[in-house]
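Peer 1: My structure is below; once you've seen it, I'll send some questions.
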Amino acid sequence: MQAQPKGFSYAFKQQIMKAWQPVPTLNSTIILFAMMSLFFLIMGIVLISYSNDIATQEFQYDSYCLAQESECVIQIALDSNYKSPVFFYYQLTNFYQNHRRYVKSKSPSQLSGTDLSESELDECDPVVTNDDMGKSLSVTNEPLKGDDKAIPCGLIAKSYFNDTFALFQVVNNTKKEIQISGTGIAWPSDLDGRYKNIDKNRQWIDMEDERFMVWMRTAALPQFRKLWGKIDQDLDAGIYEVRINNIYNVSSFNGKKYIVFSTTNAFGGKNEFLSIAYICVGVVCCVVTLGFLIRKFLSKADQKKNR
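If you want it as structure tokens, here you go:
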């Protein structure tokens with residue numbers, strides 16, 4: 088008589104492995120939902136308290152700058168003190184970066200430093216050449232041939248946000264410039280070889296610029312903020328002047344432009360949605376717990392009546 092095979096492999100193939108299946112009872116369900124409601128409610132309250140400690144303020148500037156030349160100067164008032172580092176964002180509205188054709192219109196190989204031929208840049212369609220990109224000068228101010236391939240190519244690169252900003256603190260009619268650093272703002276994975284220059288004499292932009300890297304990460308929603316710079320000093324409440332090189336056109340998609348000052352905490356920037364979501368889930372779990380408790384007491388009452 089042949090011995091029956093044993094071991095994990097045999098049991099797995101024959102589907103005779105030992106198994107355990109939990110059978111939820113009314114009491115265990117009540118305990119589970121009670122613990123979940125406590126967890127989500129506590130997390131929501133903690134997130135709200137942390138979020139309230141974050142200083143943030145936004146200012147729309149596109150409508151104000153329409154009456155001025157390309158260099159626009161606005162004065163803003165910060166309502167509270169900002170502890171360093173202070174993050175400086177730009178915000179756009181009504182811009183759908185999540186459109187399928189837009190998201191696909193780039194060449195990851197080209198962005199990582201591979202000098203591809205024009206025939207290898209089908210991914211960038213419909214923006215492949217310098218004429219498509221609307222560029223005639225390189226980063227080094229060398230003339231670019233219109234029918235040459237654009238470096239970089241694609242719709243995402245073509246729509247790059249190119250407004251620039253300079254910040255000044257105004258105290259007793261004197262202005263002190265506040266440095267806004269453009270380094271340390273991109274994702275570590277982007278800095279680690281995902282973006283490399285090919286030849287600056289043939290590129291219309293520096294592909295190793297962190298502001299360009301930030302732009303190339305497309306947003307999921309039509310209203311979004313992207314990090315433009317970081318201020319490595321405290322900002323006191325008061326009057327500030329922002330000098331804006333107002334180039335980026337938002338009228339073509341009926342959008343608006345904002346600048347945003349914000350601090351962060353251990354959970355990141357100000358995010359009221361996450362805290363509200365946690366509290367809502369906690370409330371739902373609490374309602375379910377109460378429902379099961381009522382059912383438990385009603386079933387006990389029925390049992391007493393039957394006796």
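Here the sequence shown stands for residues 88 to 394, where the numbers follow our numbering. Ideal placement from N, C-alpha and C gives every residue a C-beta, glycine not left out. Computed from a predicted structure; not experimentally measured.
How many whole angstroms separate the CB atoms of Phe240 and Val258, which I take to be in contact at a CB cut-off of 8 angstroms?
Peer 2: Just to set this straight, residue 240 is Cys in the shown sequence, not Phe. About 46 angstroms separates the two Cβ atoms, so there is no contact after all.
Peer 1: Answer yes if the segment 322-335 comes into contact with the segment 303-312, meaning at least three C-beta pairs across the two stretches below 8 angstroms, and no otherwise.
Peer 2: They do not touch, by the three-pair rule.
Peer 1: State buried or exposed for Ile326, treating a residue as buried only when at least 16 other CB atoms are found within 10 Å of its CB.
Peer 2: Under this definition Ile326 is an exposed residue.
Peer 1: With 16 as the cutoff for other CB atoms within 10 Å, does Ile129 come out buried or exposed?
Peer 2: By the neighbour-count rule (16 or more Cβ atoms within 10 Å), Ile129 is not buried but exposed.
Peer 1: Across which residues does DSSP place Ala164 in a beta bridge pair?
Peer 2: Ala164 is bridged to Ile326.
Peer 1: Given this structure, state the Cα-to-Cα distance separating Val337 from Asp296, to the nearest angstrom.
Peer 2: So the alpha carbons of these two residues sit roughly 23 angstroms apart.
Peer 1: Buried or exposed for Gln184, please, with buried defined as at least 16 other CB atoms from any protein chain shown within 10 angstroms of its CB.
Peer 2: Classification of Gln184: buried, given that the 10 Å Cβ count is 16 or more.
Peer 1: Got a sec? Which residues, its chain only, sit under 6 angstroms from Asp319 by beta carbon, not counting five neighbours each side?
Peer 2: Result list for Asp319: Ser171, Pro172, in chain order.
Peer 1: Hey, could you find the ends of the alpha helix (DSSP H) Tyr189 is sitting in?
Peer 2: Element bounds for Tyr189: 187-191.
Peer 1: Do Thr350 and Ser124 have their beta-carbon atoms positioned less than 7 angstroms apart in this structure?
Peer 2: No. Outside cutoff.
Peer 1: Going by DSSP in three states, Gly131 sits in which element: helix, strand or coil?
Peer 2: Three-state DSSP puts Gly131 in a helix.
Peer 1: With a CB to CB cut of under 7 angstroms and the five nearest residues on each side skipped, what residues in its chain are close to Cys372?
Peer 2: Cβ within range, chain order: Phe120, Met123, Ser124, Phe127.
Peer 1: Verify whether the separation of the beta carbon atoms of Glu145 and Val347 is less than 7 angstroms.
Peer 2: Contact: yes.
Peer 1: Do Trp291 and Lys222 have their beta-carbon atoms positioned less than 7 angstroms apart in this structure?
Peer 2: Contact: yes.
Peer 1: Counting C-beta neighbours from all protein chains within 10 Å, is the total for Cys367 16 or more, i.e. buried, or is it exposed?
Peer 2: Exposed, by the Cβ-count rule.
Peer 1: Report all residues from its chain with a CB closer than 6 angstroms to the CB of Lys263; omit the five preceding and five following residues, and keep chain order.
Peer 2: If we look at Lys263 and ignore the five residues flanking it on each side, its Cβ neighbours are Gln256.
Peer 1: How far does the alpha helix (DSSP H) with Phe340 in it extend, from its first residue to its last?
Peer 2: It is not in any alpha helix (DSSP H) - Phe340 carries neither H nor E in the DSSP assignment.
Peer 1: Enumerate in chain order the residues of its own chain whose CB-to-CB distance from Ile117 is below 8 angstroms, with the five nearest sequence positions on each side excluded.
Peer 2: Hits under 8 angstroms: Thr376, Phe379, Leu380, Lys383.
Peer 1: Whose C-beta lies closer than 8 angstroms to the C-beta of Ile265 among residues of the same chain, with five residues either side of it excluded?
Peer 2: If we look at Ile265 and ignore the five residues flanking it on each side, its Cβ neighbours are Leu254, Phe255, Gln256, Ile318, Gln320, Leu322, Tyr327.
Peer 1: Where does Asn139 fall in DSSP's three states?
Peer 2: Looking at Asn139 - three-state DSSP - the assignment turns out to be helix.
Peer 1: So is Thr101 buried or exposed if we call it buried at 16+ other beta carbons inside 10 Å?
Peer 2: Contrary to the premise, residue 101 reads as Gln rather than Thr in this sequence. Gln101 comes out exposed.
Peer 1: I'd like the list of long-range same chain contacts for Thr270, defined as Cβ closer than 7 angstroms, with 5 residues on each side in sequence excluded.
Peer 2: Cβ neighbours of Thr270 beyond the five flanking positions: Glu297.
Peer 1: Buried or exposed, going by whether 16 or more other CB atoms sit within 10 Å of the CB of Met104?
Peer 2: Exposed.
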